[in-house]
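2 protein chains.
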Amino acid sequence: MSPQTTARRRPTMRDVAALAGVGLKTVSRVVNDEPNVSGDTRERVERAIDALGFAPNHGAGSLRREGGRTQTIGLILDAVDNPFSAAINRAVETVATARQTAVFAASSDDDTERERALVAAFNRRRVDGLIVTAYGPDQGYLQNERDHGVPLVFIDRPPIGLLADVVLTDNVAWAGVATRHLIDHGHSRIAFLGDDLAIPTARDRRLGHERALAAAGLEVPDGFSVGNVTSAELAAAELERLLDRPDPPTAVVTAQNVITIGGVRALHGRGRQSDVALIGFDDLPLADLLTPGITVIAQDPAEIGRASAERLFARIEGDDGPAETIIVPARLITRGSGEIPAPGGAQSR
Amino acid sequence: MSPQTTARRRPTMRDVAALAGVGLKTVSRVVNDEPNVSGDTRERVERAIDALGFAPNHGAGSLRREGGRTQTIGLILDAVDNPFSAAINRAVETVATARQTAVFAASSDDDTERERALVAAFNRRRVDGLIVTAYGPDQGYLQNERDHGVPLVFIDRPPIGLLADVVLTDNVAWAGVATRHLIDHGHSRIAFLGDDLAIPTARDRRLGHERALAAAGLEVPDGFSVGNVTSAELAAAELERLLDRPDPPTAVVTAQNVITIGGVRALHGRGRQSDVALIGFDDLPLADLLTPGITVIAQDPAEIGRASAERLFARIEGDDGPAETIIVPARLITRGSGEIPAPGGAQSR
DNA sequence: CTGCCTTCTGACAACGGTGTCAGGGAGCAA
DNA sequence: TTGCTCCCTGACACCGTTGTCAGAAGGCAG
């Protein structure tokens, strides 16, 4: 048997009007809960709507409607299945739902082409606003949307070549906290595995790491700062390579969640998880149950998502104040892996 | 400084036509790559498009366009931030992108009201099709969309009261595999923690568990089969309660990813992770790095997402064959927690 | 009864595009 | 030159809805 019954044409307001024996505009009034419809008429129209299974075509409506809002926003993430991005997605959805707004979520995969294509696709669909995890050296191409009054909020990474609202974690500071935490546990040979350096966030975290070392009078041993680690496999391979050196690191900062997974996997693979210290950026679901537990700098993706969505809706609703930068607090969660002391015991405090 | 420059009105085709000195329809031809436009004219129009930053209003176009496709689909998941759902989301996005289609993803939170509201919202936005993780006892309310020819594919859970395509894992069989695996390691006192029993999937997994026990001549000890475990906290509490009994289970099946997290947390909390066997449904990111590693029945969410999206697009493109049920294979991944033998050693094979 | 106000109601244009169709010009064979 | 194509092009109606506006009907004070 066919799963689709005869695909009748969708009913329109005209059909409802005809069935209820009223004018088109009267149906529109009932559908939009406008005043000046008698109780009797309203009821007749509602019966007709139910009988036909009518649902208004929202897109057609917003064509004429004041301001032309589509009640739709676009959300561009690295990857919708990255837990960090997924948490943002969820928070944005919650805020949007309260505004009767639907969310187009999409993955850019940190690919400039794809990012632009998504912006264009969302633009053609006339989203009311855009929340973007920007990648690449320049978001000037978004100037066009800006000029047409499409509100824009950046998350996780500040835009380049454009003045706009941003919501992010203070990456320099928190990377510094991670590194200082390791220094405080006696480490001086600290490796750093960072994401694609084209991403400002990745550069900031590396900067925070380097500054913390410098502040403690330490320097980055040659080859200890690895950038462009874009997968768990690569992270594991890089860390293994470092551990194989004659002068290996005694601690490592893995500056993004996928990298942390690779790093932890490498340590466990070598059975070194209890003698090489590790601090990761971003929390992970089972991080507390490993042995040792993984110490992390936990960003607050739910708050990042919530704040960015609130900011976006404020803009959509007309706020034209100066561009804001919202810094969302993170926190250090100590679980063991980051508190492993340096061998040789030159431990402070 | 204001982040939004003066919000000029968005340019329309009319504006482009005026600037290029051509008719409206000619611009439409250029935008849609239709034939019968001279190279010279085409170029003038393209220059005008660039100068104005024009982007066609896709929604307005689909109003008149043949068939009225919006190139948009709706995806209703439990929660976009559940890793299993997020993986599905990603796979659906990949298929949709290849078809120039945008995806509305949303979380139903296993709430009937919300599920209906989402269907209604997507329907008003005239999605070309819907992929739904159905909750609740009856999806008959979707009959209306069906009658209007909106293709519908169910994932993870078969629809009730409706004949439609479904993509899912054979939950009865794989729950049986999990339980049999524990029986094979000598266990006879096996607890089962399952999700909300209003969900068919949860019932199927429990059924598979019970059948496997029965097939081995075992029965479900009183109180060992716990349903409606809807959070990690609840799962932990329930498992602790069972372990506190005078006749505790020696093994447990946690029949969903969130439940597995709670169950594992309870075992680690009690220091019992190495003597109570556990098998979870759905894989988890760091499951291999725990001690012991978590043995799981790993569904294939990427394939579930891919297959459901392919099915949906086939329907959208006119396939009106009989409703199909697509069973996506899962696999048993042994990592240690499921291979802990029963104490007392009455171990078979 | 008249005049004025209020409440309901629907005709009509408009939103930003696409489908249809007819007309004008160029090219070519007879 | 005429007649017939073929290629371009734009006028126009229309998609499904909402904003505007004018008119009808009813209520009430004078």
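In order, the protein sequences belong to chains A and B.
If you're matching positions, the first sequence starts at 1 in full-length UniProt numbering and goes up one per residue.
If you're matching positions, the second sequence starts at 1 in full-length UniProt numbering and goes up one per residue.
Think of the CB as a built atom: it goes at the ideal place given N, C-alpha and C, for glycine as much as any other residue.
Remark: C-beta atoms of valine 103(B) and leucine 75(B) approach each other more closely than 8 angstroms. Setting aside the 5 residues that flank it on each side, threonine 260(A) is surrounded in the same chain by Thr254 and Gly280, each with a C-beta closer than 6 angstroms to its C-beta; the list follows chain order.
Comparing alpha carbon positions, the residue from Asn144(B), Gln273(B), Asp283(B) and Asp165(B) closest to threonine 133(B) is Asp165(B). Residue pairing from DSSP places valine 167(A) in a beta bridge opposite Ile155(A) and Ile326(A). Residue environment for aspartate 204(A): buried (at least 16 other C-beta atoms within 10 angstroms of its C-beta).
Taken in chain order, the unbroken stretches of beta strand (DSSP E) that lie wholly in the region 183–240 of chain B and span 3 residues or more are 190–193. Measuring C-alpha to C-alpha distances from serine 274(A) to each of Ala105(A), Glu43(A), Ala216(A) and Pro341(A) identifies Pro341(A) as the nearest. Residue contact check for glycine 67(B) against chain A: no CB pair falls below 8 angstroms.
For arginine 125(A), the closest Cβ of chain B is nearer than 8 angstroms.
Rounded to the nearest whole angstrom, the C-alpha separation of leucine 118(A) and leucine 289(A) is 38 angstroms.
Under the DSSP assignment, glycine 269(B) falls in the alpha helix (DSSP H) whose first and last residues are 257–270.
Comparing C-alpha distances from glutamine 299(B) to each of Asp184(B), Asp282(B), Leu182(B) and His187(B) shows the shortest one belongs to Asp282(B).
Shown here for valine 27(A): same chain residues with a beta carbon closer than 6 angstroms to its own, the five before and five after excluded, namely Met13, Val16, Ala17 and Val45 in chain order. The alpha-carbon separation between proline 248(A) and glutamate 303(A) amounts to approximately 38 angstroms. In this structure, glutamine 139(B) keeps its C-beta atom at 8 angstroms or more from the C-beta atom of leucine 163(B). Annotation: the continuous beta strand (DSSP E) that includes threonine 295(A) extends over 295–298. Rounded to the nearest angstrom, the Cβ distance from valine 80(B) to alanine 86(A) is 6 angstroms, consistent with a contact under 8 angstroms. Nearest in C-alpha terms to proline 151(B), of all of Ile316(B), Pro329(B) and Ile327(B), is Ile316(B). Taking a Cβ-Cβ cut-off of 8 angstroms, the neighbours of aspartate 81(B) in chain A comprise Pro83, Ala86, Ala87, Asn89 and Arg90, given in sequence order. Alanine 178(B) carries a helical assignment under DSSP once its states are collapsed to helix, strand and coil. Between the alpha carbons of phenylalanine 122(B) and glutamine 100(A) lies a gap of roughly 11 angstroms. For alanine 121(A), a Cβ of chain B is located within less than 8 angstroms of the residue's own Cβ. If you ignore the 5 residues before and after valine 220(B), its C-beta comes within less than 7 angstroms of the C-beta of Glu210 and Leu213, all in its own chain and listed in chain order. Burial state of leucine 24(A) is exposed, judged by a 10 Å Cβ sphere holding fewer than 16 other Cβ atoms. Looking from the CA of leucine 278(A), the closest CA among Asp156(A), Thr94(A) and Thr179(A) belongs to Thr179(A).
About 5 angstroms separates the CB atoms of arginine 125(A) and histidine 58(B); that is less than 8 angstroms, so the two are in contact.
Per DSSP, isoleucine 316(B) lies in no beta strand (DSSP E); the unbroken alpha helix (DSSP H) holding it starts and ends at 301–316.
Alanine 98(B) is classed as exposed because its beta carbon has fewer than 16 other beta carbons within 10 Å across all chains shown. Residue nearest to isoleucine 327(B) within the set Gly321(B), Asp156(B), Val30(B) and Arg64(B) is Asp156(B) (criterion: CA-CA distance). In the same chain as leucine 218(B), and ignoring 5 residues on each side of it, the C-beta atoms closer than 6 angstroms to its own belong to Ser188, in chain order.
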